[in-house]
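Report on the following structure.
In the working numbering, the protein residues as written are 2 to 159.
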């Protein structure tokens, strides 16, 4: 049980950081710029928005192409983007092992060619009764452009 406490604490911390990625409002301007923040009001053909740093901007309706409520983090994934990601989970499969819970924690450096394809080099820790340090190469294919999407991956390493 004492060995599981650090794993539980790690999962709680990761879960809290993921839940902090809330939706935000986005104003798309006709000049091509995007402003993310919290929409404060729409009145008199004006949109008032507060950005994450506390700045308040007022735009005339004639300057705005569209307004959406979306996640600012999803817009950060551009083509040929370098990404550092963390991954944690319970390993599933045939339970031919005498160990109760197999757990994996990985960190990966990735290159996203587009929203569908990602190539990663990673390492981490796997707990299978004892700790292992895998090093792997992974190819990931997202099955849609949605923010939450199923994916298929191939991972090779030791």
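Quick reminder that beta carbons are idealized off the backbone N, C-alpha and C, glycines included.
{"Asked": "What number of angstroms, rounded off, separates the C-alpha of residue 49 from the C-alpha of residue 31?", "Found": "16 Å"}
{"Asked": "Tell me which residue opens and which closes the beta strand (DSSP E) that residue 45 is part of.", "Found": "Segment: none, residue 45 is in no beta strand (DSSP E) and carries neither H nor E."}
{"Asked": "Between which two residues does the beta strand (DSSP E) holding residue 138 run?", "Found": "136 to 143"}
{"Asked": "My output table needs one value for residue 56: the three-state DSSP class, helix, strand or coil.", "Found": "coil"}
{"Asked": "Residue 66 by DSSP, collapsed to three states: which one?", "Found": "strand"}
{"Asked": "Mind reading off the beta-carbon distance from residue 107 to residue 88? Whole number of angstroms is fine, and I expect it under 8 Å.", "Found": "5 Å"}
{"Asked": "Let me check one thing: in DSSP terms, what residues is residue 120 bridge-paired to?", "Found": "112 and 140"}
{"Asked": "Rounded to a whole number of angstroms, what is the C-alpha to C-alpha distance between residue 56 and residue 117?", "Found": "34 Å"}
{"Asked": "Run the CB neighbour count on residue 28, radius 10 Å, all protein chains shown included, and call it buried at 16 or more, exposed below.", "Found": "buried"}
{"Asked": "Could you work out which residue in 82, 34, 132 and 134 is closest to residue 66 when comparing CA atoms only?", "Found": "34"}
{"Asked": "Measuring only the C-alpha atoms, how far is residue 38 from residue 125?", "Found": "35 Å"}
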